[in-house]
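Here the structure comes first, spelled out in structure tokens, and everything after it is commentary.
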Amino acid sequence: MAILVTRRMTKRFGGLVAIRALDLEVEERAIHSVIGPNGAGKTTLFNCVTGFYRPDEGEIWFAGQRVDGLRPDEIAHLGIARTYQNIRLFANMTALENVLVGLHMHLRSTWVGAVLASPAVRREERWAHAEARRLLEFVGLAGRGDLLARNLPYGEQRKLELARALATRPKLLLLDEPTAGMNPAETAEMIQFIRRLRDELGITILLIEHHMRVVMTISDRVTVLDYGEKISEGTPEQVQNDPRVIEAYLGTRKVKAEALG
Amino acid sequence: MWRVGLVFGAVASFVSLAGLVEALHGRWVVDGVLSTGQVLLLAIPMASGWTAARRSSGSLAARVGAGLVAGATVGLCVGLLVWLRSQVDLRGMFVNASPALFQLLSGGRPPQAAWPAAVAAGGVMGLVGAAGACAPARVTRPLLVGASAALSLALFQELVLLVLQPESLAPVRDWLFVAGGGPTAQGMAAVLTLSAALAALRHASRGRAGRLALPPRAQRMAWSVVGVLLLAALPVAGGPFLAQVLVIVGLYTLMGLGLNLEVGLAGLLDLGFVAFFAIGAYTVGLLTSVGEHGIAHWSFWAAVPVAVLVSLIAGVILGIPVLGIRGDYLAIATLGFGEIVRLLVLSDALRPWLGGSQGVLAIPKPVLAGFEFSGPQHLYYLTVVASAVVAYVAWRLQDSRLGRAWMAIREDEDVAEALGINLVSVKLLAYGLGAAFAGVGGAIFAVMVGSVFPHSFQLLISIQVLALIIVGGMGSIPGVMVGSAVLIGLPELLREFGEFRFLVYGAVLVAMMLLRPEGLLPAAAQRRELRAVEEEPVELARAAVGAATEGGG
Ligand SMILES: Nc1ncnc2c1ncn2[C@@H]1O[C@H](COP(=O)(O)OP(=O)(O)OP(=O)(O)O)[C@@H](O)[C@H]1O
Ligand SMILES: [Mg+2]
């Protein structure tokens, strides 16, 4: 069953059509990749799904509920989380605090309870700290919780962003170029990690990725965007052999990252 | 290095022409020998020499030479100023360029003969500064502490004299101070050597294991007890004047704690903050006044919760229209709110209720179980208790779910929202609770003055509160207290600084931005981080063990 569906979704910026009448279906528990040249509209798609932008036309459905027009926090509550192309951490908070913010919507305590330090609040805070540490460990940041996010090395910042997104316990996780700037060993590790998210936690993954080898190894399904339009869709093999895709990548525009391979 | 000297020379000329040196000249460091004004003048070439020696990277001789030149350049600048004044009338432009000032600058010499002496004195002070920069901390630190202690005694001599007033302390007083004058040479020397010796001892014993027998927890307890006793004793020892100053510091602390929620934690700039202070004050005024504008004749204790609630609601009401405004625009919008409140209470339309520019008069002092909080010494305790309660609330809030959400929207509003944080409720809570804190301050202010009128609630107060947060360290609760002590308390205590208050403010703010942009006592996160870095090896080792024993996840 499709967990995320867009119907003829269009997003314009002034005269520019960033996404044109996009029909997309993401199956539950799939790893679904979105690829396309620079400026194809991939990040814009994420921004529409998470409520940062409101589509100009069309509909977005998530888990049987219409979500376009909802606020980002409402969409988060329904179970969509994301990471960002250019990492966006809470730079002056510690790694642990970043994850705790991710847990925000699963905590109940009010400010009155916090001031009075009621037993319920104290219990919840203890649980939240333990949970946050567990998540840090899960992404491989054990023992790094007390460092400020901005002082973590790049690779660890990516992991922290993942931990924070996972803290919201999403059903659908949107990953915007999670392997950007990583070396082959780190990339392989990330592929393994994304698989685990799906296999162990049952999270559906929608992935923007430029490394074609990554896309081809882990995707169940691939959607190709070009100038905001879907030009191809199918299994990795089908997409790889689609002449329109090859043209879009090898055509007039420069190929980002690596060629199809 | 001569460029460093020129900068400091300009500073020396400026503080002289602005009148600060002369104002400080009225206060002795050693009676009849050295004044604080002279100390300031001598400190500038010393700082110049220190900076130059710090910057130059050559041999020891080169660094000392740089200090000498930098110090002498300052002297030359002052000498030139003296000579210039003998040629043209500076008073037309600088009202403070008085004969007395130049008498001081030239050391009583004729203008032509003044500059060699000034250069020589500057050079010597430059050398001292350079020596300070080259010497190890084990030597300079105690000297610096000693000098600071001596200077503090000179600056706060009125206070010290107040404390020493009882007849039983007369011998100490007479030994430390010339009757009716400044400190004695022997007293100053004793204070300097004693504090320097203590600092040296402390420095020497640092790093030695088992230095203090008490465990950290007990140490903290001991310090808290000392702190509480000190807080309790201060107004008794220091008299009503000190108590009054401390009450004002307390009121600014209350406002600072409130604005700190908005600006420091949630990152929501607010330049109209004084409005909530005013609303708290007016609410208490109207509810308790026995004058013509009083509406209820309530007791102070019944009025305070209402004042806090009204301020909170006012904060939320301000918050609603500015919810969607970010950054610089927010500053302007909130600025407007502060002025609107002030103009409303001033307005003729509301005069029948709020008293217009006359304000609400005849606000009685609080009475608790028959005890009246009449003077500043009584109100001081009220303020301390209120500040402690509010600081506790602020501390609980900042480490809570809400506090983390505030920090998150300060760091990145969009990301915070995408993590499920409702921006509307979180922001309105920041405005409301911040305003409520200021309302507590306003309530105490109303009974302290005994009347409230619009003139007390100028934009300047909002700016001062913001400044003290910045100086103390954004988002830091102890920082708020230190900030208000430094920016509000010190200028009140040092009467010479009264008219130079904003000069000093400007200098302090610029110096802070350059030297310590995170503030005097930066927020907890940074200190946690520092601690974490120190403990890192242990932490990492523990992490490695953890990873080896469990599979994770
Ligand atoms: N907020 C915005 N305002 C105006 N134009 C925008 C905005 N966001 C994106 N665009 C434009 O929309 C188009 C699609 O941008 P988008 O960021 O979605 O591309 P992308 O596929 O993610 O590219 P890349 O691979 O470089 O990340 C681009 O032409 C971009 O300039
Ligand atoms: Mg993109």
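Protein chains in written order, with the numbering used here: chain P, 1 to 261; chain G, 1001 to 1553.
Just so you know, even glycine gets a beta-carbon here, dropped at the ideal spot from N, CA and C.
Item	Value
Short-range partners of chain G found in the segment 89-107 of chain P, where Cβ spacing is below 7 Å	90, 91, 92, 93, 94, 97, 100, 101, 102, 104, 105, 107
Chain P within 9 Å of residue 1421 (chain G), Cβ atoms only	yes
Closer than 5 Å: residues whose CB approaches a heavy atom of ligand 1	P:13, P:18, P:38, P:39, P:40, P:41, P:42, P:43, P:44
Nearest-angstrom Cβ-Cβ length linking residue 1146 (chain G) and residue 1199 (chain G), presumed shorter than 8 Å	7 Å
Cβ-Cβ distance between residue 81 (chain P) and residue 165 (chain P) below 9 Å	yes
Spatial neighbours of residue 1011 (chain G) in its chain, beta-carbon cut-off 7 Å, leaving aside the 5 residues before and after	1044
Buried/exposed call for residue 1437 (chain G), threshold 16 Cβ in 10 Å	buried
CB contact below 9 Å: residue 1387 (chain G) versus chain P	no
Cβ contact check for the segment 1044-1064 of chain G and the segment 1123-1138 of chain G: 3 or more pairs under 8 Å	yes
Residue 26 (chain P): contacting residues in chain G (beta-carbon distance under 8 Å)	By Cβ distance, chain G contributes nothing, its closest Cβ being about 18 Å from residue 26 (chain P), past 8 Å.
CB contact check: residue 1408 (chain G) to chain P, cutoff 9 Å	yes
CA-to-CA distance, residue 1336 (chain G) to residue 1347 (chain G), given in whole angstroms	16 Å
From G:1444, G:1485, G:1034, G:1065, residue whose alpha carbon lies closest to that of residue 1364 (chain G)	G:1444
Contact between the segment 144-164 of chain P and the segment 39-59 of chain P (3+ Cβ pairs under 8 Å)	no
Short-range partners of chain G found in the segment 32-51 of chain P, where Cβ spacing is below 7 Å	50
Distance, residue 1217 (chain G) Cα to residue 1540 (chain G) Cα	Bear in mind that a pLDDT of 44 at residue 1540 (chain G), under 50, signals an unreliable position, so the number given afterwards is only what the model happens to contain. Going by the C-alpha atoms only, they are around 25 Å apart.
6 Å Cβ shell around residue 1295 (chain G) - same chain, five flanking residues per side excluded	1286
Beta carbon proximity, residue 1400 (chain G) to chain P, threshold 9 Å	yes
Whole alpha helix (DSSP H) elements within the segment 1329-1362 of chain G, 4-residue minimum	1351-1354
Any C-beta of chain G under 9 Å from that of residue 127 (chain P)	no
Continuous beta strand (DSSP E) assignments of at least 3 residues falling wholly in the segment 1243-1273 of chain G	none
Selection of the segment 108-121 of chain P by Cβ proximity to chain G, strictly under 7 Å	109, 111, 114, 115, 117
Residue 35 (chain P) Cβ short of 8 Å to ligand 2 heavy atom set	no
Within 9 Å of chain A by C-beta, residues of the segment 222-254 of chain P in sequence order	No chain A is part of this structure, whose protein chains are labelled P and G.
Proximity test, Cβ basis, 9 Å: residue 1404 (chain G) and chain P	yes
Residue 1229 (chain G) versus residue 1408 (chain G) - alpha carbon distance	38 Å
Cβ shell of residue 255 (chain P) (< 6 Å), same chain only, five flanking positions each side left out	Low per-residue confidence applies at residue 255 (chain P): pLDDT is 46, beneath 50, and the placement is therefore not dependable enough to give any value.
Between the CA atoms of residue 1461 (chain G) and residue 172 (chain P) - distance to the nearest angstrom	49 Å
Test item: CB-CB of residue 1467 (chain G) and residue 1250 (chain G) under 9 Å	no
Length at least 4, wholly inside the segment 1162-1224 of chain G: the alpha helix (DSSP H) runs in chain order	1170-1176, 1185-1205
Closer than 7 Å at the beta carbon, the chain P residues around residue 1411 (chain G)	90, 91, 92, 93
Neighbour-count burial assignment, residue 1089 (chain G), 16 or more Cβ in a 10 Å radius	exposed
Check whether residue 1076 (chain G) and residue 1009 (chain G) have beta carbons under 9 Å apart	yes
Inter-stretch contact at 8 Å, needing at least 3 Cβ pairs: the segment 15-30 of chain P / the segment 220-234 of chain P	yes
Contact test: residue 1399 (chain G) Cβ vs ligand 2 heavy atom, cutoff 8 Å	no
Cβ-based neighbour list, residue 1210 (chain G), same chain, cut-off 8 Å, excluding 5 preceding and 5 following	Model confidence at residue 1210 (chain G) stands at a pLDDT of 48, short of 50, so the residue's coordinates are unreliable; what they give is reported in the following sentence. Excluding positions up to five away in sequence, the list is empty.
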